[in-house]
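Comments concern the structure below.
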Amino acid sequence: MIQDNSYQAMAFMKGSSKTPYPSSQMGSIALIRQTFYDADWYGKARTAALRGTLTPPAEVNISLQALRTALDNKSVFVCETIDEHDVLRWQRIASEFSLSMIMKGSGLEYRRLPAFAATKPEMILPLTFPDAPDMRDPLSAREVELTELISWYWAADNARLLDSVGCRFAFTTDGLKDRTQFLTRVRLCVERGLDSNKALSALTTEPARMAGVSDRIGKIEKGFYANLVITTKPLFSEGCEIRTVVVAGAENTLVRPAEIDMRGHWTFTSGALPNARPIDINITGSREQLSVETRRDSIKIPTTFIVSGRRATLAFALDTLGIKGLVRTSAEIDSILVDGDLIMPDGTVTSFVMRRDSSMQALPVKPKPPIVARRPLPRIYPVGPFGLPTAPAQLNVVLKNATVWTCGPRGVLQNTDVLLRNGVIAGIGKGLTGDTTIDCTGKHITPGIIDEHSHIAISRGVNEGTHAVTTEVRIGDVVDPDDVNIYRQLAGGVTASHLLHGSANPMGGQLQFIKLRWGANAEELKVAGAVPTVKFALGENVKQANWGDRYSVRYPQTRMGVEQIMRDAFRTAREYERDLKANDPSKPVRRDIKLDALVEILNGKRNIHCHSYVQSEILMLIRLAEEFGFRVHTFTHILEGYKVAKEMAKHGSGASSFADWWAYKFEVYDAIPENPAI
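As C-alpha cells, then:
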C-alpha cells in the first residue's frame with residue numbers, strides 16, 4: 113500500500129441498496145446534496161453535544177463522521193459519469209460545497225468541449241472506443257445512427273481535444289473488454305494528435321498527482337520509488353516492446369525475444385518415447401508469436417513451446433502415445449540442434465535430441481494498406497441530427513408589413529414592422545430599417561409559444577415517485593440540452609418551456625423554466641431570474657390508484673390522505689422555519705432541503721403548479737393554502753375548473769387547461785370543451 117484514504121467515491125447510480133429512493137437522477141443529486149448538509153450539521157451537533165448544550169446528543173453516525181472527516185481534510189472526490197453532462201452536474205455540486213473533484217469520464221467529453229474549456233475538470237479517461245459501424249450492407253448501413261458514426265469518428269480524439277482546452281487527465285483500463293489493448297488505445301490517441309509527452313504524463317505524473325503521491329512515484333528522480341518500464345523503442349512508437357518492468361526495485365523481466373529463429377521443421381527423438389520413433393515438430397508464425405504443431409504420423413500431440421533468449425521450454429501431453437501426464441524440458445538452443453534432459457511424468461530424467469530438418473520458407477511481406485486520410489468533420493453541438501457548429505448569429509433584422517399580435521395593450525396591429533436587434537425586440541411600428549429585411553406581407557407575427565407544462569429535456573427520470581413528498585429534487589439539476597424535442601418544438605413555434613416534475617406524488621419536485629436555445633448547454637438554457645416553482649399533484653396518480661397491485665403501501669392511498677400529508681408537511685415546515693430563525697449555535701438545526709422548498713412556498717417565494725382535475729380536490733387545496741396563508745399560483749390540467757371558476761378567481765389562481773384532450777380516465781369524465789372559456 114502506498115497511501116490509504118486517497119479518495120472518496122461518488123456516483124449518481126443508487127447501487128445495490130434495496131430501498132426504493134432515489135429512483136431518478138434528480139433524486140440521486142438531491143440525496144447527495146442533503147447528505148453533505150447532514151455531514152455539516154453532524155460536525156456541529158457533535159461539538160455541541162461535547163459541550164453539553166445539545167440534549168439529547170446527536171447519535172453516532174459513522175457514515176456522516178467519515179464524510180465530515182473527508183470534508184475537514186479537504187479530500188478529493190472521484191465522481192462517476194455516464195455522459196458529458198454528468199461532469200457539469202458534478203461541478204455544480206463541487207461549487208456548492210467547495211469540493212475538490214476528479215471526474216471518472218465517459219469518453220464522451222468531446223461532445224461538449226466549449227463547456228469544458230470554461231470549467232476545466234480534471235478527468236480520468238477511459239479508452240473504450242466504439243468499433244467502426246458495419247457499413248458493408250447498404251440496407252443495414254441506412255440504419256446506422258448519425259450519432260453512432262460521429263462517436264466512432266471522434267472517440268479516439270477525446271484526450272487530444274480535452275488537452276487542447278486545458279483539461280488535465282489520466283488514463284484508465286476501466287471498461288476495456290480486453291485490457292491488453294490498453295497501450296494500443298493510448299497509441300491511437302497519440303496517432304490522433306495527442307502529444308506523446310502528455311500521453312506519458314497521463315500514465316505517470318498525472319495519476320500520481322491525483323492520488324496525492326507525486327512526491328514518491330511517477331518520475332525518475334532521486335528518492336522516488338524505482339518503478340520503471342524498459343522498452344525496445346519509445347513507448348508509443350510502432351513495434352515497441354516492453355522487456356522489463358521494475359516495481360519498487362524488483363525486476364520483472366518478461367519473455368525475452370528469441371535470439372535464434374526457431375521456425376521450421378524439427379525432429380524430436382528420445383529413447384523414452386514409445387517405440388523410440390521420432391516426433392515431428394513444425395514451428396511457424398512470427399518470431400514474436402510462434403505457432404507449434406506436433407505430430408507422430410497422423411496423431412496430433414498437444415504442445416507448449418516457449419523461447420526466451422537462447423533457451424527453449426517444451427512440454428508434451430503424450431497421453432495419445434500411452435504416456436500419462438506431461439513430458440517437459442528446458443534447454444539451450446542453437447540454430448540446428450537442441451539437446452538436454454527430458455523429465456518424464458514420474459520424475460525420471462532421460463536425454464533427448466531435437467534437430468532441425470529445414471527452415472521455414474520466408475513468406476512474402478504483405479504491403480501495408482495505404483493510409484487513407486480522415487476526412488475533416490466539423491464538431492457540432494449537440495452531437496447528432498440538426499447539430500450546429502456555432503450558435504446562430506443574432507441578426508439586426510426587420511420583419512416588414514406583418515399583422516402583429518402583441519398580446520398587450522396595443523392589441524393586433526395591421527401592416528406593421530418589427531425590428532429585432534441583439535436578440536430583443538428593438539422597435540414596433542412602420543418604416544423601420546435594419547441590416548436585413550424580410551417581407552412579411554400577408555403573414556402574422558405572435559409572441560413565441562410558452563409551454564407551461566412540459567416534460568421534455570429531462571435526464572433519467574421525470575418523476576421521483578418513491579416518496580409522497582419530494583420537494584427536495586430539482587428538474588434544474590437534470591436538464592438535457594441534447595433532447596431533440598427542443599429542436600422539434602422550436603419548429604412548432606415553442607420558444608420557452610416550463611419543465612415539470614411528474615405527478616407521481618402529492619408534493620413533487622422543483623421545476624425549471626428554459627429558453628429553447630438549440631445547441632446551448634444545460635445552464636445556458638435556464639432563464640435567469642425566473643420565479644421558482646414546484647409541482648404538486650392531486651387525484652388518482654398520487655394515491656397510486658392506477659399503479660398496479662404492487663403499489664399499495666406508500667402513504668397516502670386515499671384523497672383524504674393527500675390533504676393530510678400536505679397539512680403535516682406544511683406544519684413541519686413552519687416548525688423548521690422557527691428553528692432556523694432562532695439560530696441558536698448551541699442547538700444546530702439540521703438543514704433539510706425538502707423543507708426549505710416548503711418554507712419558500714409558505715413565504716410566497718415559490719409558486720405551486722398543481723396537477724388537478726376534480727372540483728372537490730381543487731377546493732381542498734385552495735382552502736389548505738388559505739389556512740397557511742399562501743396562494744396556489746396555477747392549477748394545471750384543471751378539467752373541472754369550470755365548476756369552481758369563481759372560487760379560483762377569488763383565491764387568485766391561474767389555470768393551465770387542456771385544449772383538446774380529456775375523458776381518458778375516470779377522474780376527467782366531466783371535462784367539457786368550454787372549460788378554458790369559463
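For the sequence shown, the residue numbers in this note's numbering are 113 to 790. The C-beta atom is built at its ideal place from N, Cα and C for all residues, glycine as well.
Where residue i falls, given that 16 or more other Cβ within 10 Å makes a residue buried
i           : result
residue 574 : buried
residue 779 : buried
residue 787 : buried
residue 617 : buried
residue 292 : exposed
residue 661 : exposed
residue 751 : buried
residue 333 : exposed
residue 796 : Any property of residue 796 remains undetermined from this structure, which presents the chain solely from 113 to 790.
residue 633 : buried
residue 270 : buried
residue 251 : exposed
residue 745 : buried
residue 667 : exposed
residue 375 : buried
residue 432 : exposed
residue 556 : exposed
residue 410 : exposed
Sequence-distant residues of its chain with Cβ nearer than 7 Å to residue i (five each side left out)
i           : result
residue 512 : 529, 549, 550, 551, 552
residue 354 : 341, 343, 366
residue 259 : 495, 496
residue 339 : 329, 358, 359, 360
residue 629 : 636, 637
residue 736 : 675, 678, 679
residue 169 : 161
Member of the options whose CA lies at the smallest distance from the CA of residue i
i           : options            : result
residue 272 : 663, 264, 308, 248 : 308
residue 450 : 678, 424, 471      : 424
residue 211 : 541, 186, 634      : 186
residue 245 : 229, 264, 239      : 264
residue 641 : 599, 576, 717      : 717
residue 782 : 767, 754, 240, 789 : 754
residue 279 : 304, 227, 266      : 227
residue 645 : 377, 621, 191      : 621
residue 221 : 587, 666, 491, 378 : 491
residue 440 : 446, 434, 447, 430 : 430
residue 113 : 325, 421, 697, 201 : 325
residue 509 : 536, 525, 499      : 536
residue 503 : 631, 482, 480      : 631
residue 757 : 739, 743, 730, 740 : 730
residue 766 : 286, 776, 155, 720 : 720
residue 619 : 582, 606, 216      : 582
residue 651 : 732, 695, 543, 294 : 732
residue 173 : 468, 649, 154      : 154
residue 534 : 505, 542, 514, 356 : 505
Under the three-state DSSP convention, the category residue i falls into
i           : result
residue 309 : helix
residue 119 : strand
residue 294 : helix
residue 658 : coil
residue 417 : strand
residue 247 : coil
residue 444 : strand
residue 236 : strand
Other residues of its chain near residue i: CB distance less than 6 Å, five sequence neighbours each side excluded
i           : result
residue 612 : 565, 623, 647
residue 112 : Absent from the model: residue 112. The displayed extent of the chain is 113 to 790, so no value can be given.
residue 689 : 711
residue 546 : 508, 509, 510, 531
residue 116 : none
Any non-hydrogen atom of the ligand NAD closer than 7 Å to residue i Cβ
i           : result
residue 758 : Among the components of this structure there are no ligands whatsoever, and the ligand NAD is therefore not found.
Cβ of residue i within 8 Å of any chain C Cβ
i           : result
residue 521 : In the structure shown, chain C does not exist; there is a single protein chain.
Cut-off 8 Å between Cβ atoms - residues of its own chain near residue i, not counting five sequence neighbours on either side
i           : result
residue 257 : 496
residue 791 : The displayed coordinates of the chain run from 113 to 790. Any statement about residue 791 would go beyond what the structure contains.
residue 166 : 157, 160, 698, 699, 700
residue 455 : 439, 440, 441, 461
residue 741 : 714
Review point. Would the stretch 700-707 and the stretch 717-724 be scored as touching if the rule is three or more Cβ pairs under 8 Å?
Key: The count of Cβ pairs closer than 8 Å, one atom from the stretch 700-707 and one from the stretch 717-724, stays below three, leaving the stretches out of contact.
Check your understanding: Within the chosen definition, does the stretch 554-573 reach the stretch 597-609 through at least 3 CB pairs nearer than 8 Å?
Key -> Flag = yes, the stretch 554-573 and the stretch 597-609 touch.
Check your understanding: Is there contact between the stretch 121-138 and the stretch 671-687, where contact requires at least three CB pairs shorter than 8 Å?
Key -> With the cut-off at 8 Å, the stretch 121-138 and the stretch 671-687 do not touch.
Practice item. State whether the stretch 172-186 contacts the stretch 142-155, with contact taken as three or more CB pairs (one from each stretch) at a distance under 8 Å. Key: Look at the beta carbons and you see the stretch 172-186 touching the stretch 142-155: at least three pairs across the two are nearer than 8 Å.
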